[in-house]
Structure formats: C-alpha cells, structure tokens
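Following: one structure in structure tokens, then a few remarks.
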Amino acid sequence: MLRKISEVFKKSVSEPHQRKSWQSGIGIAIFTLFVLSSVVVNQSLQAANQAAGNYGYYGGTYGYNSTTSSDAPPAASSSLSCSSSATTTGSCSWTAPTTTTTGTLIATGSGSISSYNVYYGTSSISSCAGGSSTSSTSASVSLSSLTAGTTYYVGVCAVDNNSNEGSVVTGSFTTVASGGGTPAGGGSTGPTYPNGTATTTTTTTTTTTTGTAPAATTTSVTQSATEFGVTLSAADIALAAGFVANGTTAATIALGSGERLALVRDQLETLGRISLIALEQLANGQKPTVRNLEKERAQLGKVLTAFVRLVGHRPNFKNVKEDLAWNTMMYRIRFKRDLDKERVGIAKFKAIFGRIPTSPLDWSVVRAWGYALR
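Start counting the sequence shown at -15; every next residue gets the next number (my numbering).
Structural data, given as structure tokens:
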C-alpha cells in the first residue's frame, strides 16, 4: 500500500513538471522564430528602402542613406587642372570619376554623380574638408575674392545621388601678383580616401565678405571657437569676423551683426568649422550643403527628442515641411524675419515645453514650428 501511494505521489509531481518543461520549450521556440523573422523582415525592408533612395535612419543619423559595399562612394575625379589669369580669381576643371572606391562602375540613376564639393584655401588640402568651400553640378568651378600673388590649394570630391561624398583629388594654383606677372597653375596630386563626412547636393555659388572687421568682432569669433573646441586658422577667423561685421548678400546683411555672430556660433557647434557657403545658405532658409556627420550624431538625441515632442512622431524626410523643420533644428537655419510667425512659434514652444525658449536649440524649435511646420 505504501509503495502504491509513493508511486502515485511521484507521478502527480513529475507530470506537471514535464508539462511545464514541454510548454516552456514551445514558448522558447516560438520566441526564437519571431526574433529571426523580425530580423529578416527588417533587413529586407531596409534594403528595399535604400535601393529606392528613401530617407530614414541610416548609419547613425537621420536623412542619409548608409554606405554599403554595394553603395560605395565615388572614387576620386581625375585630370584636375587649376589656373589663374587675374589677381583675385582662379578656375579649375576635372574629369568625373567612373568607379566607386571599391572599384565597381558607377551606374546611372541613384548612384550616379550629382555634384562636386570644392574645398580651397591657402593651407594644404588633403581630404574632403578644410578651407572655404563651394559646390558645382558640372566638372568645373570658378573661384573669386582671392588674394593676389597667393598660392591656393584645392580639393574636389564627387557626390552621388545618395549623398555619398567620394575621395578627394587635390591640386593648386597661384593668383597673379599685384601689378602684373605670370599666372600660375597646377595639376592634380592624386586621390586620397574620404574622411567620413556626408553632404546634401544643391547648387550654390561662392559669396564674399567686404570690408574689415573690428578687433572686438575678431575676438568674439576667436572666443567662440575656443568655447566650442574648434581650432580655426587665421584665414578662417578673418573670414568669420568679416561675415559678422559686414555680412555678404542682402539676406545676411539684413540679419544684423548680432544674429550673424549667433549664426557663426551655431556653425561652430554643428559643423565644427567655418563655411561661408553654408552660412549664406542657412541665412537664406536653405539646408546646408556642407555637413558634418560626427557633429550631427553628437546632437542627434536631443534634437530628436525635441522634434518628437514638437510634432508627435519621428521625422518623415519625404515630407518637405518636416525635412526642413528637422534641418532647421539640426543646423539652425534662419528665415526672413516674420514676427507673427515667431510669436506663433514661441506660443507653441511654451505650450509644449512649459517654459520660454533660451538656448540656440530652443530658438531653432521656435523657427521650425513658425516657419517650416505651421
């Protein structure tokens, strides 16, 4: 009798345990299949989106398609030739690249060349960065507002339709000395590999500053660069100070010197260097063509948080208004002043965040709502 009772007890204990083990095994198998299928579906959707050129969250930032082995950036252009026939101007031409950095042929369509970023200055250029910058949709560019009798170094980087900036080809030329002389030019010095930055691809023209900057303005620019941990050359400091003191075109002159200094400070924080082209674009309500992926990643979290609170969802870059609003917050775009729009933006900011705007990012949120989204 005791043996029978013992057997019944063991059976009653072991059967629920076996059922639980069996049920747990089924649960684990179902969960594993769910995870694997989700990964496969996500990879398939991302691949389809990238193939279609859609915007989204790629490579750690918004608004860029990531570079993959099948979507490598362009190789360096070839036959770069630069020359000068005057004291303050120069010109360069080159041959478009035909392959990517992985050696594959550049196809037509989404991967084809859409524009070129041109970097130039009095210091050596060895990557897709440095000095002043402009862009061109053709394989040539004219540079103006140069200094007589000065050697300029040039770097040209092709950009494809996926906003991948390619390898650089470099060259140099010397402007004509004041009072005459023989113009000088130079050929390319061969390619180097890209520095990891990415850009958009709109066409711009070179702009210039006029007049000299007061010492106080130069000091303000220097102090701002130190504050944001940016090292500027003497030429860049003079360029930024001249911009602050005098403006360039009607749009930047209309901003006033205080707002121009704020724009320079924003650029030091979001770009990490001075680009007169980008300053002019920002002052005209345009997305900058010169961008810094590392700096963008650094502020991605706080900008995304502010955008979601303002709009209620992550940015849809196919929506023109949301795309402009995102770039307004990320790169601090300005617009032609409209006090009514700004009042609406301030009211929206106070309603969402429960306080008045104080920081540069706060005011970019105000502009994003008042000028881009409203």
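Built from N, CA and C at the ideal position, the CB exists for glycine as well.
#1: Indicate the three-state DSSP secondary structure (helix, strand or coil) for PRO178 in the structure shown.
#2: Only counting runs of 4 or more residues, tell me where the alpha helix (DSSP H) segments fall wholly within the segment 268 to 305, in order along the chain.
#3: Could you check where the beta strand (DSSP E) with TRP78 kicks off and where it finishes?
#4: What separation, rounded to the nearest whole angstrom, lies between the Cα atoms of SER61 and VAL153?
#5: Rounded to the nearest angstrom, how far is the Cβ of TYR103 from that of GLY74, given a contact under 8 Å?
#6: I need the DSSP call for LEU130, collapsed to helix, strand or coil.
#7: Would you identify the three-state DSSP class for GLY155, choosing helix, strand or coil?
#8: Can you tell which of GLY115, SER107 and THR86 has its C-alpha closest to the C-alpha of VAL274?
#9: Pick helix, strand or coil for PRO344, following the three-state DSSP scheme.
#10: With distances taken Cα to Cα, identify the nearest neighbour of ALA199 among PRO57, GLU211, ALA224 and THR210.
#11: Buried or exposed for ARG339, please, with buried defined as at least 16 other CB atoms from any protein chain shown within 10 angstroms of its CB.
#12: Does the beta-carbon of LYS279 have 16 or more other beta-carbons within 10 angstroms, so that it is buried, or is it exposed?
#13: Looking at ALA356: is its Cβ nearer than 8 Å to the Cβ of LYS302?
#14: Hey, quick one: how far does the alpha helix (DSSP H) through SER208 stretch, first residue to last?
#15: Quick check on THR84: does DSSP put it in helix, strand or coil?
#16: Is it the case that the segment 255 to 275 contacts the segment 214 to 228, given that we only count it when at least three CB pairs across the two stretches are under 8 Å?
#17: Count the other CB atoms, across all protein chains shown, that sit within 10 Å of the CB of VAL205; report buried if there are 16 or more and exposed otherwise.
#18: For SER120, name the three-state secondary structure that DSSP assigns.
#19: Tell me GLU149's beta-bridge partners as DSSP assigns them.
#20: Just checking my contact of SER99 with SER119 at CB under 8 Å: how many whole Å lie between their CB atoms?
#21: Span of the alpha helix (DSSP H) holding SER241?
#22: Hey, quick one: how far does the beta strand (DSSP E) through ILE97 stretch, first residue to last?
#23: THR64 by DSSP, collapsed to three states: which one?
The structure says:
#1: Taking the first residue of the sequence shown as position 1, residue 178 is located at position 194. Annotation note: pLDDT 35 at PRO178 (below 50); position unreliable, no value reported.
#2: 277 to 295
#3: Here residue 78 refers to the residue found at position 94 when the sequence shown is read from its first residue. 74 to 79 is the span of the beta strand (DSSP E), which, as asked, contains TRP78.
#4: The residue given as residue 61 occupies position 77 in the sequence shown. The residue given as residue 153 occupies position 169 in the sequence shown. Approximately 6 Å between the Cα atoms of the pair.
#5: Counting from one through the sequence shown, the residue named residue 103 turns up at place 119. Counting from one through the sequence shown, the residue named residue 74 turns up at place 90. 14 Å between Cβ atoms; not a contact.
#6: Here residue 130 is taken as the residue at index 146 of the sequence shown, counted from 1. It is coil, neither helix nor strand.
#7: Counting from 1 along the sequence shown, the entry for residue 155 is found at position 171. In the structure shown, GLY155 falls within a strand segment according to DSSP collapsed to helix, strand and coil.
#8: Translated into positions along the sequence shown, residue 274 becomes position 290. Comparing Cα-Cα distances from VAL274 to each of GLY115, SER107 and THR86, the minimum goes to GLY115.
#9: Taking the first residue of the sequence shown as 1, we reach residue 344 at position 360. Look at PRO344 here: in three-state DSSP terms it is helix.
#10: Taking the first residue of the sequence shown as position 1, residue 199 is located at position 215. For the residues PRO57, GLU211, ALA224 and THR210, the minimum Cα distance to ALA199 belongs to ALA224.
#11: Reading the sequence shown from its first residue, position 355 is the one you call residue 339. By the 10 Å Cβ count, ARG339 comes out exposed.
#12: Looking up residue 279 in the sequence shown gives position 295. By the neighbour-count rule (16 or more Cβ atoms within 10 Å), LYS279 is buried.
#13: Locating residue 356 in the sequence shown gives position 372, where the first residue counts as 1. Locating residue 302 in the sequence shown gives position 318, where the first residue counts as 1. Contact flag unset, no.
#14: Walking along the sequence shown from the start, residue 208 turns up at place 224. It spans 199 to 211 - the alpha helix (DSSP H) in which SER208 sits, taken as one unbroken run.
#15: On the sequence shown, position 100 is the one that residue 84 refers to. Three-state DSSP puts THR84 in a strand.
#16: The answer is yes - the segment 255 to 275 touches the segment 214 to 228, with three or more Cβ pairs under 8 Å.
#17: Translated into positions along the sequence shown, residue 205 becomes position 221. Answer is buried; the Cβ neighbour count reaches 16.
#18: Taking the sequence shown and counting its residues from 1, the one referred to as residue 120 is at position 136. In this structure, SER120 counts as strand in the three-state DSSP scheme.
#19: Counted from its first residue, the sequence shown places residue 149 at position 165. The partner list for GLU149 (beta bridge, DSSP) reads VAL143.
#20: What you label residue 99 is simply residue 115 of the sequence shown in a count that begins at 1. What you label residue 119 is simply residue 135 of the sequence shown in a count that begins at 1. Contact flag correct, Cβ pair sits at about 5 Å.
#21: Counting from 1 along the sequence shown, the entry for residue 241 is found at position 257. 241 to 254 is the span of the alpha helix (DSSP H), which, as asked, contains SER241.
#22: Along the sequence shown, read from residue 1 onward, the residue named residue 97 stands at position 113. Residues 97 to 105.
#23: As a first step, residue 64 must be located in the sequence shown, where it is residue number 80. Looking at the sequence shown, residue 64 is not Thr but Leu. The three-state reading of DSSP puts LEU64 in strand, counting E and B together.
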